[in-house]
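S.K.:
There are 2 protein chains.
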Amino acid sequence: MDVEQQAPRRRGRPPRQRENLIETRELLLRAGLEVLTEKGFSATGIEEVLGRVGVPKGSFYHYFSSKEAFGLDLIERYGVFFARKLDRHLGNSSLAPLDRLRSFVADATDGMVRYEFRRGCLIGNLGQEMGALPESFRDRLKETFEDWQVRLAACLREAQKAGEIAPDADTEQLAAVFWIGWEGAVLRAKLERSAKPLEVFAGFFFVGLAAG
Amino acid sequence: MDVEQQAPRRRGRPPRQRENLIETRELLLRAGLEVLTEKGFSATGIEEVLGRVGVPKGSFYHYFSSKEAFGLDLIERYGVFFARKLDRHLGNSSLAPLDRLRSFVADATDGMVRYEFRRGCLIGNLGQEMGALPESFRDRLKETFEDWQVRLAACLREAQKAGEIAPDADTEQLAAVFWIGWEGAVLRAKLERSAKPLEVFAGFFFVGLAAG
DNA sequence: TCGTAACTAGACGGTCGGTCTAAATGAAGG
DNA sequence: CCTTCATTTAGACCGACCGTCTAGTTACGA
Numbered sequence: 003m004d005v006e007q008q009a010p011r012r013r014g015r016p017p018r019q020r021e022n023l024i025e026t027r028e029l030l031l032r033a034g035l036e037v038l039t040e041k042g043f044s045a046t047g048i049e050e051v052l053g054r055v056g057v058p059k060g061s062f063y064h065y066f067s068s069k070e071a072f073g074l075d076l077i078e079r080y081g082v083f084f085a086r087k088l089d090r091h092l093g094n095s096s097l098a099p100l101d102r103l104r105s106f107v108a109d110a111t112d113g114m115v116r117y118e119f120r121r122g123c124l125i126g127n128l129g130q131e132m133g134a135l136p137e138s139f140r141d142r143l144k145e146t147f148e149d150w151q152v153r154l155a156a157c158l159r160e161a162q163k164a165g166e167i168a169p170d171a172d173t174e175q176l177a178a179v180f181w182i183g184w185e186g187a188v189l190r191a192k193l194e195r196s197a198k199p200l201e202v203f204a205g206f207f208f209v210g211l212a213a214g
Numbered sequence: 003m004d005v006e007q008q009a010p011r012r013r014g015r016p017p018r019q020r021e022n023l024i025e026t027r028e029l030l031l032r033a034g035l036e037v038l039t040e041k042g043f044s045a046t047g048i049e050e051v052l053g054r055v056g057v058p059k060g061s062f063y064h065y066f067s068s069k070e071a072f073g074l075d076l077i078e079r080y081g082v083f084f085a086r087k088l089d090r091h092l093g094n095s096s097l098a099p100l101d102r103l104r105s106f107v108a109d110a111t112d113g114m115v116r117y118e119f120r121r122g123c124l125i126g127n128l129g130q131e132m133g134a135l136p137e138s139f140r141d142r143l144k145e146t147f148e149d150w151q152v153r154l155a156a157c158l159r160e161a162q163k164a165g166e167i168a169p170d171a172d173t174e175q176l177a178a179v180f181w182i183g184w185e186g187a188v189l190r191a192k193l194e195r196s197a198k199p200l201e202v203f204a205g206f207f208f209v210g211l212a213a214g
């Protein structure tokens with residue numbers, strides 16, 4: 003799924019008939035996502051992103067006012083992309099609530115395997131880097147985590163109704179634990195180049211769920 | 003505990019009588035630890051490290067063959083420092099085994115509070131950055147985690163003997179879960195500038211331990 | 001006192017992020 | 001059709017900074 007290099011670009015305003023052509027801005031965002039999930043923000047130069055898709059620097063600063071703005075856009079984008087994936091799984095009412103979470107775990111694990119554990123989670127990456135990032139990133143990253151947490155908590159409440167977990171369990175807190183641990187597992191999986199950490203954490207989480 | 007700036011340095015080989023004086027190399031490592039736990043490896047320039055302690059660039063490359071070598075030294079150093087801290091807690095036989103782990107958690111939490119959540123775990127930081135780091139770091143980081151895991155597993159076995167956790171629990175795996183989740187919690191605590199993630203994860207972990 | 005090892009000063013080349021100007025092209029209006 | 005203007009690309013350029021390296025300074029041992 004690598005972003006393919008576009009053919010050499012013609013100068014000037016491009017013809018409107020380009021419905022099949024991927025827009026430059028879109029191209030930059032996709033490539034940015036790829037690179038930043040691998041290397042993070044500080045370690046990535048704009049030029050590397052540009053090089054991947056054969057877009058010159060002038061275009062970048064036409065579409066984005068700065069690297070910081072580009073990063074914020076990527077966070078937004080990744081948050082939406084991920085929330086959609088999450089909903090696809092957690093909202094799948096043909097499965098029992100906890101099986102929906104299991105299916106998300108399987109999907110995410112598969113995603114890491116597919117890229118040979120080179121790519122992690124953009125939000126986790128940037129969170130870790132926060133010490134070196136523009137302060138504007140912090141709230142966005144926090145909000146993104148909270149958003150995911152809300153979606154998971156809803157699923158856990160359903161699990162509660164279905165009797166899969168204890169009725170007095172704090173679903174909000176359990177959802178928080180999941181994302182805390184999951185990010186740790188992704189980090190570790192990237193380091194070890196192995197799906198083991200993901201399995202180990204998920205396994206423990208499901209056991210712990212039962213214990214409330 | 004910030005590394006204080008040394009007095010302006012004289013040129014040339016320093017007099018041997020410097021027992022009270024902190025050695026330059028030592029100074030650089032301490033400052034490096036401070037900065038890298040905050041900002042990671044890629045985002046940190048050696049000039050920032052040098053500036054903190056008033057050491058000129060030439061000295062750096064006298065003591066370390068490269069930034070990479072410096073980083074490897076820091077990993078080694080941090081690993082030892084942390085293992086010692088771990089042993090102090092987990093080997094404290096005046097406490098029940100699980101209380102020893104609790105005391106480590108409290109100590110580590112306190113450490114993060116003290117630095118206002120600006121500093122995280124060096125190993126976790128670099129692990130996340132691995133995509134942009136020299137490949138030589140990978141094994142060191144993995145080994146460090148494994149080392150911590152072994153130490154914790156020993157403590158958990160004691161807990162098992164003391165009947166604090168189920169006799170058939172897989173202590174190796176539980177130790178792995180702890181470090182996976184703990185790193186995630188540290189990441190999140192840094193992002194949120196709050197001890198809550200640490201508490202939330204630790205709380206869940208201890209409950210899950212009981213459930214085996 | 002001289003030679004060498006230990007250490008420092010800072011120049012150097014290279015890269016990066018961001019800006020800026022020029023050029024190319026399509027769209028809209030007459 | 002032809003002019004004008006908005007849109008987008010090309011890439012030179014600048015200042016900042018990074019990691020490396022060489023020349024130089026100083027202490028120590030013989």
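Quick mapping for you: the protein sequence lines, in order, are chains F and P. Using the working numbering, you'd call the opening residue of the first sequence number 3 and step up by one each time. Using the working numbering, you'd call the opening residue of the second sequence number 3 and step up by one each time. Here a beta-carbon is modelled for each residue, glycine too, at the ideal position from N, C-alpha and C. These figures come from a predicted structure and were not determined experimentally.
Let me confirm a value: F:G210 is counted as buried when at least 16 other C-beta atoms fall within 10 Å, else exposed. Which label applies?
M.R.: Along the first sequence, read from residue 1 onward, the residue named residue 210 of chain F stands at position 208. Buried: at least 16 other Cβ atoms inside 10 Å.
S.K.: Is there a Cβ of chain F sitting closer than 9 Å to that of P:R104, yes or no?
M.R.: Position 102 of the second sequence, counted from the first residue, corresponds to residue 104 of chain P. Not one chain F Cβ lies under 9 Å of P:R104.
S.K.: With DSSP run on the structure shown, which of helix, strand or coil describes F:I48?
M.R.: In the first sequence, residue 48 of chain F corresponds to position 46, counting from 1. Helix, per DSSP.
S.K.: Where in the segment 114 to 197 of chain P do unbroken runs of the alpha helix (DSSP H), each at least 4 residues long, occur, reported from the N-terminal end onward?
M.R.: With a minimum length of 4 residues, the continuous alpha helix (DSSP H) runs that stay inside the segment 114 to 197 of chain P are 124 to 131, 138 to 163 and 173 to 194.
S.K.: Can you confirm whether P:F84, when its beta carbon is compared against all beta carbons of chain F, has any partner nearer than 9 Å?
M.R.: Taking the second sequence and counting its residues from 1, one reaches residue 84 of chain P at position 82. Not one chain F Cβ lies under 9 Å of P:F84.
S.K.: At which residue ranges does the segment 87 to 116 of chain F contain complete alpha helix (DSSP H) runs of 4 or more residues, listed in the order of the chain?
M.R.: Segments of the alpha helix (DSSP H) lying fully in the segment 87 to 116 of chain F: 99 to 116.
S.K.: Under 9 Å between C-beta atoms, does F:A161 make it to chain P?
M.R.: Start at 1 with the first residue of the first sequence, and residue 161 of chain F comes out as number 159. It does not: the Cβ of F:A161 has no partner Cβ on chain P nearer than 9 Å.
S.K.: Where does P:G56 fall in DSSP's three states?
M.R.: Residue numbering aside, residue 56 of chain P sits at position 54 when the second sequence is read from its first letter. Note: P:G56 maps to coil in three-state DSSP.
S.K.: Using alpha carbons as the reference points, say which of F:D89, F:K192 and F:G73 lies closest to F:R116.
M.R.: Locating residue 116 of chain F in the first sequence gives position 114, counting from the first residue. Looking at the Cα atoms, F:K192 is the closest of the given residues.
S.K.: Okay, do the segment 153 to 172 of chain P and the segment 93 to 103 of chain P touch, 3+ Cβ pairs below 8 Å being the bar?
M.R.: They touch, by the three-pair rule.
S.K.: Secondary structure at F:G42, three-state DSSP: helix, strand or coil?
M.R.: As a first step, residue 42 of chain F must be located in the first sequence, where it is residue number 40. Here F:G42 sits in coil by DSSP.
S.K.: Just to make sure I have the definition right: I need the residues of chain F whose C-beta is within less than 7 Å of the C-beta of P:V179. Which are they?
M.R.: In the second sequence, counting from the first residue as 1, residue 179 of chain P sits at position 177. By Cβ distance, chain F contributes V202, F203 and F206.
S.K.: So is P:F83 buried or exposed if we call it buried at 16+ other beta carbons inside 10 Å?
M.R.: Sequence index remark: in the second sequence, residue 83 of chain P carries index 81 (1-based). With fewer than 16 Cβ atoms within 10 Å of its Cβ, P:F83 is classed as exposed.
S.K.: Straight-line CA distance for P:Y65 to P:E194?
M.R.: Counted from its first residue, the second sequence places residue 65 of chain P at position 63. Counted from its first residue, the second sequence places residue 194 of chain P at position 192. Approximately 37 Å between the Cα atoms of the pair.
S.K.: Give the secondary structure of P:E70 by DSSP, where H, G and I count as helix, E and B as strand, and everything else as coil.
M.R.: The residue labelled residue 70 of chain P in the question sits at position 68 within the second sequence. Helix.
S.K.: Name, please, each residue of chain P whose Cβ falls closer than 7 Å to the Cβ of F:P199.
M.R.: Against the first sequence, residue 199 of chain F aligns to sequence position 197. Those are I182, listed as they occur along chain P.
S.K.: Report back the beta-carbon spacing between P:I182 and F:F208 to the nearest angstrom; my notes put them in contact at under 8 Å.
M.R.: The count along the second sequence starts at 1 and reaches residue 182 of chain P at position 180. The count along the first sequence starts at 1 and reaches residue 208 of chain F at position 206. About 15 Å; that fails the 8 Å criterion.
S.K.: Measuring alpha carbon to alpha carbon, tell me which of F:S138, F:F206, F:A187 and F:E174 ends up nearest F:D75.
M.R.: Residue 75 of chain F sits at position 73 when you count from the first residue of the first sequence. Closest by alpha carbon: F:S138.
S.K.: Rank F:I77, F:L38 and F:I48 by C-alpha distance to the C-alpha of F:L143 and give the top, closest one.
M.R.: For the purposes of this step, residue 143 of chain F is taken as the residue at position 141 of the first sequence. Looking at the Cα atoms, F:I77 is the closest of the given residues.
S.K.: Would you verify that the beta carbon of P:T173 is, or is not, closer than 9 Å to some beta carbon of chain F?
M.R.: Looking up residue 173 of chain P in the second sequence gives position 171. No, because no Cβ of chain F sits closer than 9 Å to the Cβ of P:T173.
S.K.: Would you please verify whether the beta carbon of P:S67 is less than 9 Å from any beta carbon of chain F?
M.R.: In the second sequence, counting from the first residue as 1, residue 67 of chain P sits at position 65. False, the Cβ-Cβ gap to chain F never drops below 9 Å.
S.K.: Compute the Euclidean distance between the alpha carbons of P:G53 and F:E25, then round it to the nearest angstrom.
M.R.: Here residue 53 of chain P refers to the residue found at position 51 when the second sequence is read from its first residue. Here residue 25 of chain F refers to the residue found at position 23 when the first sequence is read from its first residue. For P:G53 and F:E25, the distance between alpha carbons rounds to 45 Å.
S.K.: Sorted by chain position, which residues of the same chain lie with C-beta nearer than 6 Å to F:R27's C-beta, five sequence neighbours on each side aside?
M.R.: Here residue 27 of chain F refers to the residue found at position 25 of the first sequence. Closer than 6 Å at the Cβ level, and outside the excluded window around F:R27, lie Y65.
S.K.: Excluding the five sequence neighbours on either side, which residues of its own chain have a C-beta within less than 6 Å of the C-beta of F:C123, listed in chain order?
M.R.: Along the first sequence, read from residue 1 onward, the residue named residue 123 of chain F stands at position 121. Excluding residues within five positions, the ones whose Cβ falls inside 6 Å are V188.
S.K.: Which residues, taken in chain order from the segment 31 to 57 of chain F, show a beta carbon closer than 7 Å to some beta carbon of chain P?
M.R.: So the close ones are E40, K41, G42, S44 and A45.
S.K.: Am I right that F:A223 and P:E131 are in contact with their C-beta atoms under 8 Å? What's the rounded C-beta distance?
M.R.: Residue numbering for chain F in the displayed model covers 3 to 214; residue 223 of chain F lies beyond these limits and cannot be assessed.
S.K.: State buried or exposed for P:E145, treating a residue as buried only when at least 16 other CB atoms are found within 10 Å of its CB.
M.R.: As a first step, residue 145 of chain P must be located in the second sequence, where it is residue number 143. Classification of P:E145: exposed, given that the 10 Å Cβ count is below 16.
S.K.: Is the CB of P:A213 under 9 Å away from at least one CB in chain F?
M.R.: In the second sequence, the residue the question calls residue 213 of chain P occupies position 211. Cβ-Cβ to chain F under 9 Å: yes for P:A213.
S.K.: Give the secondary structure of P:E28 by DSSP, where H, G and I count as helix, E and B as strand, and everything else as coil.
M.R.: On the second sequence, position 26 is the one that residue 28 of chain P refers to. Looking at P:E28 - three-state DSSP - the assignment turns out to be helix.
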